[in-house]
Amino acid sequence: SLRGRWGYIDKAERLAIQPYYNYVSPFENGLAIVKTGTSYSLLNMEGDEVIELRWKSINRLPSGNYLVQDKNDKYGLVNQKGDFLLRPSYDSLTDYGNKVLVQKNGKWGMLSYTGAEIISVSKTAISIYEPYVMIRQ
């Protein structure tokens, strides 16, 4: 930290990424979550933004993917390379590692990482109790 801003140093304690950020996370799988002002981004180890600095929140998930929330409170999913698996358009999103439970306009569904519907986004409720899925029409 330098003057209240955070950056990164390398193992030789040389400045690797300038202290520009209000918040930084540790790198995991080559990516770090950073914040400037009220916006979040993902950085690679070279200091390049993998996704632009414009997100309301970014959270690293146990699956290794990232849950992103846009300024309109819509959620999407980004993989460990910084590629969007699902663009932000969901009111709720839970990543189960091989499938994603989503809510949109009060209806629930289940999607693959490619966005293909496993269960159409038209159900009143869906609960997952691995390996079972309970659906309320």
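The opening position of the sequence shown corresponds to residue 1 in the numbering used here, with each subsequent residue numbered one higher.
We put the beta carbon where it would ideally sit given N, CA and C, even for glycine.
In three-state terms, what does DSSP make of residue 84?
For this step, residue 84 is matched to residue 84 along the sequence shown. Correct three-state label for residue 84: strand.
Out of curiosity, what's the CA-to-CA distance linking residue 34 and residue 12?
Residue numbering aside, residue 34 sits at position 34 when the sequence shown is read from its first letter. Residue numbering aside, residue 12 sits at position 12 when the sequence shown is read from its first letter. Looking at the two C-alpha atoms, the distance is approximately 22 Å.
What are the start and end residues of the beta strand (DSSP E) that includes residue 59?
Residue numbering aside, residue 59 sits at position 59 when the sequence shown is read from its first letter. Residues 57 to 60.
Name, in chain order, the residues that DSSP records as bridge partners for residue 93.
The count along the sequence shown starts at 1 and reaches residue 93 at position 93. DSSP output for residue 93 lists 102 as bridge partner(s).
Tell me the residue span of the beta strand (DSSP E) that contains residue 2.
The residue labelled residue 2 in the question sits at position 2 within the sequence shown. In the DSSP assignment, residue 2 falls outside any beta strand (DSSP E) and carries neither an H nor an E.
From residue 116 to residue 92, what distance separates their C-alpha atoms?
Here residue 116 is taken as the residue at index 116 of the sequence shown, counted from 1. Here residue 92 is taken as the residue at index 92 of the sequence shown, counted from 1. About 17 Å.
Would you tell me roughly how many angstroms separate the C-alpha atoms of residue 54 and residue 41, rounded to the nearest one?
Translated into the one-based positions of the sequence shown, residue 54 becomes position 54. Translated into the one-based positions of the sequence shown, residue 41 becomes position 41. Distance between the alpha carbons of residue 54 and residue 41 is about 7 Å.
Tell me whether residue 144 is buried or exposed, calling it buried when 16 or more other Cβ atoms sit within 10 Å of its Cβ.
The question about residue 144 has no answer here: the residues shown for the chain are numbered 1 through 137.
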